[in-house]
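Written below as structure tokens is the structure these notes are about.
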Amino acid sequence: MPKLDAPIRRGVRVIVPSQLHVPVAALLVALLALCVMLALRGRARRARAGAPDERVERLTLALWATGERYWDYDVASGQLRHTTCAMVAPDGSEVVERTAPIETLLHPEDRPIAREALARYLQGDGSGRLQVQLRVAIDGDDWRWVRARGRAVARDRDGAVLRIAGTALDITATRAAEREHRIAAEVLRSMREAVAVIDAQFRYVSVNPAFLRMTGYTESEVLGQDARLLDDNSDSEDVSRHLREQATRHGHWSGELRQRRKDGEQFLATVECRTVHDADLGTPLHVFVLNDITHQKRAEQELRYLANFDTLTSLPNRSLLSERLSRAIARAQDTGRRIAVLFLDLDRFKDINDSLGHAAGDRILRAAATRVQQTVGMHHTVARLGGDEFTIVIENLDEAQAADRIAREIIHAFEAPLRIDERRQITISPSLGISVYPDHARGPTELLKQADIAMYQAKAAGRRTFMRYDDAMDIAARRRTTLTGALREVLDRGELRLALQPRHSMALDGIASVEALLRWHSPTLGEIPPSEFIPIAEESGLIHEIGEWVLREACRTILDWRRQGLADISVSVNVSLLQLLRGDFPGVVRRVLDEVGFPPERLELELTESVLMADAEHAAARLQALRTMGVSLAIDDFGTGYSSLAYLKRLPITTIKIDKAFVAGLPDDPEDAAITTTVITMAHALGRTVVAEGVETEAQLRFLAERGCDELQGYWISRPLPPAQCLAFVRERPAHGPAAAGTGPVAPP
Ligand code: C2E
Ligand code: MG
Ligand code: MG
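Given below as structure tokens:
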């Protein structure tokens, strides 16, 4: 028969509390045992305790009433005797007494626990009490948790324990409740939400660690305190009162509260309050669950900001602009007044951005945003649509012309340079397009589109200006789209040609060079002037391919002429600033010259003045690389941009071409005469060659020749010609070796 004390040293006997899932009436046996005990303890005590039957009955009732069951364990045999039901119970239940080997009753996992408890008990002097909790099964029932208590009731002569007796109580339900309680406490402890239990007087009764973390208080600083401890200020008094009323009356409240931590820092919390009724206390308790949503709220605000504002300039973005414009239109419908939408684009911003770097580009955009807003005033919406595009909405206009005035003011405001940083500032001009509600359109999308189209027209008109939308622009916009498409195929289809315009040298008294001018004849669209398609080529990026084609074609043509005996002729090629600033332009020139086998000193590159000045320093480095190669450099259309002769000193420029606009007024217009004379004088002082463009009359020619202008170009000499014709023209007027300086007026060709 298995015994629990088997592994324990001999002589030590172990008693195990058996698992008694038995009615209390079974305690009859316990009474019997007690009787035995009492007999051993002497008569006197027995006499004091009263008659045995009576005592048995009392004990039986006591066991029945407390739910305890009797057991005794015979150490030698390992047999456990136990009652299964209270005997003679008032409810008439019947006692059953059973004896079984203890092993068969205990849950396998709890047997070591029982052994150890017994060993400990028997090793002691036996005076204490054996107490253990374990699972037992009786009569094949489910495992039940019992708490068994007992002590030695019989010993041999040597004092070794022979029997242990005691009672056992089914604690399955209690243990389950305790476990639930432990889990609940653990959950509360590990919760991220702060939980506070508050009594009916709204004083803290209990808080969890998250509450202490969230508020910065210690438990002792909180418990017993009024729940107003966290209230932020007097404003929250009302909220707090409302909360109390709701919680007390309806048992529930939820909302957001602004609270204050111990260190004074504010935080925003969602609060969920539920009232529970505590049966023991008889008074209600309020359970508060708090969630700190300060960060979440901030993130939400940031998201809302990001959705509506441009992060770089802090101006409204496209979506907020549309919303505001729609509202403005609704207001204008009521008032019957006009709205102007101004679409602004910074001229040549991409080049500046590419050459100065994006950080400087960002600063320019921020400075431009401020400049626009300051000019139109804070009460008008200025939005950034992306890139260098801004939109301005002007409400309450009486007439469409009023928008022109604002556009003019903006252009004027940009004449003062924008500060990039401590050391650098830059001048950049805007081009603006204007559309007017209700004259041009009645919806926000249409108005924006029209202002955009008008802006493109302003660019095409030479930039740094504004245009008001009209229907013709729509046609122009459509043509642009068509041209862009056609331009993409222009090289594959071989639709480009060069026209060459001779340049007369005063010193050499003949044609010393020609300017290559691009011509595009499209079989479907006809002849398209360079002033129309070059800006489109720049915008679409096709200018690089096209520009390289011009350079190669010009060099090839002139090389051919050289082979035909015109050894000293040079060629000028127009270069867009985009070509110069993007990619490795000096490398491209080098490659083309090498491929064609063209001498660099016979090539001149023309760059328009306004674009060079916009970013003189960056351009200077590249120009220097070209000069080092031996290529000459000319400033084209001099006088049309932010002319500054001072800049010329810094740039490795060899030639200045006075724009035909100044030549046109010669010799009668005193201003044009003065400007032309000054430019010639100063350019010579700086050692540069001067070319006058657009010479159309003999009078112009004489004026320029008298002022010492070095070269002349214009219809008076020759219109741009196809290469073969130009070759014939040049042959007739060859340059004649170096002529004496300061040649007088030449005879018209
Ligand atoms: P530009 O470089 O200033 O060229 C001179 C322009 O003035 C040419 O116009 C020419 O035909 C015109 N012209 C010449 N003499 C006279 C005159 O006596 N009176 C008048 N009223 N005009 C005269 P075009 O050929 O229409 O070219 C216009 C502009 O297009 C050029 O101005 C140049 O900036 C640009 N361009 C032409 N070809 C190219 C090219 O291959 N690449 C680049 N990037 N631009 C080019
Ligand atoms: Mg030119
Ligand atoms: Mg020119």
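Residue numbers (this note's numbering): 499 to 1247.
Heads up, the beta-carbon is just placed ideally off N, CA and C, and yes, glycines get one too.
Query, Result
"Should ASP1208 and VAL1189 be called a contact, given that it needs their Cβ atoms to be closer than 8 Å?", "yes"
"Tell me whether ILE1154 sits in a helix, a strand or coil according to DSSP, three-state version.", "strand"
"Using the rule of at least 16 other Cβ atoms within 10 Å of the residue's Cβ for burial, across every protein chain shown, is VAL693 buried or exposed?", "buried"
"Rounded to whole angstroms, what is the Cα-Cα separation between ARG1231 and ARG861?", "54 Å"
"Going by DSSP, what residues sit across from PHE786 in a beta bridge?", "ALA694, CYS771"
"How long is the line joining the alpha carbons of ILE992 and GLY1081, rounded to whole angstroms?", "Before going on, a small fix: residue 992 reads as Gly here, not Ile. Rounded to the nearest angstrom, the two C-alpha atoms are 25 Å apart."
"Under three-state DSSP, which class holds VAL988?", "coil"
"In terms of residue numbering, what span does the alpha helix (DSSP H) encompassing MET1180 cover?", "1168–1183"
"Report back the beta-carbon spacing between LEU823 and VAL774 to the nearest angstrom; my notes put them in contact at under 8 Å.", "The Cβ separation is near 55 Å, so there is no contact."
"Is GLU684 buried or exposed, if buried means 16 or more other CB atoms sit within 10 Å of its CB?", "exposed"
"In chain order, what residues of the same chain lie with their CB nearer than 6 Å to the CB of GLY1242, ignoring the 5 residues before and after it?", "Unreliable positioning characterises GLY1242 in this predicted model, as indicated by a pLDDT of 32, which lies under 50. A coordinate reading is not provided."
"Quick one: Cα of ILE1026 to Cα of ILE1041, how far?", "15 Å"
"Does the structure place the region 973–981 close enough to the region 1058–1065 that three or more beta carbon pairs sit under 8 Å?", "no"
"Please tell me whether, using a cut-off of 7 Å, the distance from the CB of GLU1104 to the nearest non-hydrogen atom of ligand 2 is below it.", "yes"
"Would the beta-carbon of PRO1168 fall within 8 Å of that of LEU996?", "no"
"Within the present structure, is the beta-carbon of ASP1208 separated from the nearest heavy atom of ligand 2 by less than 7 Å?", "no"
"Assuming contact is defined by CB atoms lying nearer than 8 Å, are ALA1123 and PRO1165 in contact in what I supplied?", "no"
"Could you check if LYS947 is buried or exposed, using at least 16 other CB atoms within 10 Å of its CB as the buried criterion?", "buried"
"Just reading off the beta strand (DSSP E) that GLY648 is part of, what are its end residues?", "642–653"
"Quick check on this structure: which residue in ALA650, VAL1069, GLY714 has the alpha carbon closest to the alpha carbon of GLY758?", "The displayed chain sequence assigns Arg, not Gly, to residue 758. Nearest C-alpha to ARG758: GLY714."
"Could you pull the DSSP bridge partners for TYR568 from this structure?", "THR665"
"Following a CB-centred definition, is GLU1013 positioned closer than 7 Å to any heavy atom of ligand 2?", "yes"
"Does GLU1191 come out as helix, strand or coil in the three-state DSSP assignment?", "coil"
"Just how far apart, CA to CA, sit ALA528 and ARG553?", "Any answer about ALA528 is weak, because its pLDDT of 45 lies below 50 and its placement is not dependable; what the coordinates show is given next. Rounded to whole angstroms, ALA528 to ARG553 spans 11 Å at the Cα level."
"Considering only C-alpha positions, which residue in the set ARG661, GLY622, GLN631 is nearest to ARG579?", "ARG661"
"Verify the contact flag: ASP1134, CB atom, against every heavy atom of ligand 2, threshold strictly below 7 Å.", "yes"
"For PHE888, count the other beta carbons within 10 Å of its own beta carbon; 16 or more makes it buried, fewer makes it exposed. Which is it?", "buried"
"For LYS1147, count the other beta carbons within 10 Å of its own beta carbon; 16 or more makes it buried, fewer makes it exposed. Which is it?", "exposed"
"Which residues in the same chain have their Cβ closer than 8 Å to the Cβ of ARG835, if we skip the five residues on either side of it in sequence?", "GLU893, ASN894, LEU895, ASP896"
"If you run the structure through DSSP and keep just helix, strand and coil, what is VAL1129?", "coil"
"Quick check: LEU994 and TRP1018, are their CB atoms within less than 8 Å of each other?", "yes"
"For the region 1151–1161 against the region 1169–1185, do three or more pairs of beta-carbon atoms, one drawn from each stretch, fall closer than 8 Å, so that the two count as touching?", "yes"
"Can you tell me whether DSSP reads MET876 as helix, strand or coil?", "coil"
"Which residues mark the beginning and the end of the beta strand (DSSP E) in which ILE918 is found?", "Counting along the chain, ILE918 falls outside any beta strand (DSSP E), and DSSP gives it neither H nor E."
"Answer yes if the region 826–846 comes into contact with the region 955–965, meaning at least three C-beta pairs across the two stretches below 8 Å, and no otherwise.", "yes"
"Are the beta-carbon atoms of ALA952 and ARG966 separated by less than 8 Å?", "yes"
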